[in-house]
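Here's the structure we're looking at; comments come further down.
Residue numbers (this note's numbering), protein chains in the order written: chain A, 28 to 315; chain B, 3 to 264; chain C, 63 to 331.
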């Protein structure tokens, strides 16, 4: 196994930090992602990642921590999307799209200013595509606390959230404060996006949010199983991605390693493909 | 501002704005906003790959935009429309970033491809650009009624013998072509602003489809021209001004239409 | 014993148009009531007002003799239809279980008694075989049954149904009506069901609330469903016939009635 787990993989402090942060981000994203699937919010979740990019690039500009920037951006984006619209999916998508587009424009400006005024090199790559190995060890406790808070919040709103996702009317008729519930959920979504942006970059954080959840609901009809399967896929993808990225230093001709985020995304997509295959085979089996 | 290299920028910008207005209007009408966001990201990977192996970026853009569009079209048939679109999108972005990480000018080319450059298209490419643009506009004009009907009442369209699947795929190809032209100028992440903002605004203001499309094109021209001026004056990225302009146009339209109904 | 539902002098205005104008009626515990009226006459608005989803200008709504705001748990609601993505990881049994306490915060393990109650209700609505199906896979008739179980699992005293028969075929209509009739007796729940057509309900309906032009007329079925009463309500001649012991309401096709807002849609099955 020496060829796979290259020397120094588990003893290197940056890798240890990466493994912990990656696992936290993957778990939180998977859980929130499954609930986002129930709400049909895949697109909104993705838009938040782009707004997180704005926050991240803005944070670099003023010298603040990227996690704070990601989180702040995603929270503002969540607020904007909540204000921009209810109504049919189509209108909601346009409203979400406008928020996304405005945010991306701002990221363009911030990144430009980062590069020109601060002469920060590689900031585009760091903010958008992540650089997990450069996360500082002081981020670990923050990430764990944030992750725990997100999971707790999700558990608190779970039941009203599911019912109001199925039918707003039905939920309101039972006295559920639907607006509060969806607001709180958007906050948890923003927190998941922030953590995931820290791991694989703001542009790619959609992968951890949407991929494992979408894969899990293909193979199970039970919410509790879906949560466990999605978390499993997320964690395995992240850890495998970290290992492969670490190893890639040895494979590549110029010892220019490939980014962690690339491998994580590929792992997630492969997992999604496998789950889809399983689902398709089962469906065929049922028909025969 | 109207001399030398800027002439080229004006010409390219005008073609791009017209195509984005026309194609974007159909995108908004069909509620395919997410696809219009994902296809350009597919194109990003292509351009990145082309620049690593030293091919023309326009070729890389075109090929990968088509692959992304058709990939989305095929995968959608298996359900989970938004989720598959999202995964195609991030996979393309991740691939693009991995490819660029192997190139020496990583930072600057990543930035230009994602957020655009005034001079993204050289004057040598003007003729192919015109041809691509004419193809897009022509294709939309040719299938205009079918696209309209299937967007508004898909069931009736099917009942009249329209093949939704083929129409869907065909339209995604048009989006891919429009993307190929637009990415170098406004950037992979911001093509979407130009394709969604002005058409969504036009739809709020005018209810007749033909006129709304005209207005969408006009607004998109205004947005792109003013972005070019602003970018020239400030040296800031053109994509920033394009998205700010699109957002403003949409917000103003929303304001006006709300006043109208009250 | 207080009325299961009492609506007094209810007036609702939407976008400057008076939808309901001084509507009053009441329903006794365990009574099966049909809320009848043509499309767009305000049936849904009335149900939404009772559910607390629709603000109203004047009037009072009380449930079991108390203001409705205090009575969330006493009202069960069956919406017309829910549109779901095909992949929502939620089974029928999970949805019915949500009916127990979806408005509560936090997670909780279900007691054996609660699980039994869910199973018993699914059985009662003829949906035991659906328990582990995905909610999104159900047909229209199956969805109605499951929604009814979801609403009843909390043991409300009043059950509101919004056009539950609208998209069903005749056989499913009969089955659902019979099911509701049986449940009304077994669970002693008052039912208020909206429909634009009353023939399917005639065998089981205790009371009619007829809504027209913003006003309502209500009374026991056998008093309202009379040739002269209905003719006055509809504004033109309507026949009430007895065939093989069953009652049917028939509107005569008449050119003059085409212009009436309340053109009845009643036909013989």
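For every residue, glycine included, the Cβ atom is placed at its ideal position computed from N, Cα and C. Every value quoted in this text rests on a predicted model; they were computed, and no experiment measured them.
The C-beta separation of residue 53 (chain A) from residue 262 (chain A) comes to about 5 angstroms, placing the pair in contact by the 8 angstroms criterion. Contact between residue 125 (chain A) and residue 202 (chain B) holds: their C-beta atoms lie close to 7 angstroms from each other, under 8 angstroms. Distances from the CA of residue 251 (chain A) to each of C:126, C:152, C:118, C:139 were compared; the closest alpha carbon is that of C:152. In the DSSP assignment, residue 171 (chain C) forms no beta bridge with any residue. In the DSSP annotation of this structure, the continuous segment of the beta strand (DSSP E) that includes residue 304 (chain C) starts and ends at 300-305. The residue among C:97, C:237, C:156, C:167 with its C-alpha nearest the C-alpha of residue 186 (chain C) is C:237. At a cut-off of 8 angstroms between C-beta atoms, residue 239 (chain B) counts as an interface residue with respect to chain A. Against residue 103 (chain B), the close residues of chain A are 152, 156, 283, 284, 285, 286, 289, in the order they occur along the chain (beta-carbon pairs closer than 9 angstroms).
Within 7 angstroms of the CB of residue 124 (chain B), no CB atom of chain A is found; the nearest one sits about 22 angstroms away. Residue 37 (chain A) carries a coil assignment under DSSP once its states are collapsed to helix, strand and coil. Per DSSP, reduced to three states, the secondary structure at residue 227 (chain C) is coil, with no helix or strand assignment. Measuring C-alpha to C-alpha distances from residue 128 (chain C) to each of C:70, C:190, C:253, C:217 identifies C:70 as the nearest. Using beta-carbon distances, residue 187 (chain A) counts as an interface residue toward chain C, with a partner under 8 angstroms. Note: residue 124 (chain C) is bridge-paired with C:68, C:129 in the DSSP secondary-structure output. Around the beta carbon of residue 154 (chain A), a 10 Å sphere encloses 16 or more other beta carbons of the protein chains shown; the residue is thus reported as buried. Residues of the stretch 166-191 of chain A with a C-beta less than 8 angstroms from any C-beta of chain C: 182, 183, 184, 185, 186, 187, 189, 190, listed in chain order.
By the neighbour-count criterion, in which 16 or more other beta carbons inside 10 Å mark a residue as buried, residue 86 (chain A) falls on the buried side. With distances taken between CA atoms, residue 141 (chain C) lies nearest to C:229 out of C:229, C:289, C:290, C:298. Apart from the 5 residues on each side of it in sequence, residue 15 (chain B) sits with its Cβ closer than 6 angstroms to the Cβ of 226, 230 in its chain, given in chain order.
Chain A has no Cβ within less than 8 angstroms of the Cβ of residue 261 (chain B). Listed in chain order, the non-local C-beta contacts of residue 81 (chain A) below 6 angstroms within the same chain comprise 100, 130, 133, 134, local neighbours out to five positions each way being set aside.
In the three-state scheme derived from DSSP, where H, G and I count as helix and E and B as strand, residue 149 (chain C) is classed as coil.
Residue 147 (chain B) and residue 117 (chain C) have their C-alpha atoms some 43 angstroms from each other. Ranked by Cα distance from residue 310 (chain A), the first of A:293, A:245, A:289, A:249 is A:245.
With the rule of 3 Cβ pairs closer than 8 angstroms, the stretch 215-231 of chain A counts as touching the stretch 70-78 of chain A.
The shortest C-alpha to C-alpha distance from residue 29 (chain B) to any of B:85, B:154, B:233, B:260 is the one to B:154.
Against chain C, a Cβ distance below 8 angstroms from residue 203 (chain A) picks out 164, 165. Using a CB distance cut-off of 8 angstroms, residue 127 (chain B) does not count as an interface residue toward chain A. Sixteen is the threshold: when 16 or more other Cβ atoms of the shown chains lie within 10 Å of the Cβ of residue 192 (chain A), as they do, the residue is buried.
Residue 140 (chain C) sits in a strand when the DSSP states are folded into three classes.
For the stretch 142-156 of chain C, the set of residues with a beta-carbon nearer than 8 angstroms to any beta-carbon of chain A comprises 144, 146, 147, 149, 150, 151, 152, 153, 156, in chain order. Of all C-beta pairs linking the stretch 165-185 of chain C to the stretch 187-203 of chain A, three or more are shorter than 8 angstroms, placing the two stretches in contact. Under the DSSP assignment, residue 281 (chain C) falls in the beta strand (DSSP E) whose first and last residues are 277-282.
Among the residues facing chain A, residue 104 (chain C) is not included, as its CB has no counterpart in that chain under 8 angstroms away. Here DSSP, grouped into helix, strand and coil, assigns residue 269 (chain C) to strand.
Membership of residue 226 (chain A) in the alpha helix (DSSP H) is indicated by the continuous run 205-227.
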